[in-house]
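Undergrad: Going by our numbering, the sequence shown opens with residue 40, and the numbers climb by one from there.
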Amino acid sequence: MATHKVRVGTQYLFYANLLDREYREHNGRQGVVINLHGCPPPNTMGHAYVQFGEAGSGERPYLVSTNSLYKLADKQLVIDAIKADLTKK
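#1: Where does the unbroken beta strand (DSSP E) through Val71 begin, and where does it stop?
#2: For the alpha helix (DSSP H) that contains Val117, what are its first and last residues?
#3: Under a three-way DSSP split, which group does Thr83 fall into?
#4: Hey, Val45 and Val71 are a contact pair by Cβ (cut 8 Å); roughly how many whole angstroms apart?
#5: Work out the CA separation of Leu57 and Leu75 for me, nearest whole Å.
#6: How would you label Val47, buried or exposed, when you count the other beta carbons within 10 angstroms and need 16 or more for buried?
#7: Taking the straight line between their C-alpha atoms, what separation do you get for Tyr109 and Thr126?
#8: Can you list, in chain order, the stretches of the alpha helix (DSSP H) that have 4 or more residues and sit fully within the segment 42 to 70?
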């Protein structure tokens, strides 16, 4: 299985895949890939830490699959996928 490669400090759109199903409430949110001290760097085993919201908001970082992160240029594709999921329910 090929995984997306992500870079620290870059913003991505989050759309949960099967591995990240417990984080579905964050679908469509923008997050920044971060490098936490003492934790593996991004792209290790296809995962990365993402900080949603502002840097000082106090929201905890999440360990997510890199396949759940999409470039901001793919925003419309992510929005369409979320709408399709909502109509299925």
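Each residue gets a CB set at the ideal place from its N, CA and C atoms; glycine is no exception.
It should be emphasised that the depicted structure is a prediction, and the values quoted were computed from it without experimental measurement.
TA: Walking through what the data contain:
#1: 69 to 73
#2: 114 to 127
#3: strand
#4: Contact flag wrong, Cβ pair sits at about 10 Å.
#5: 24 Å
#6: exposed
#7: 22 Å
#8: none
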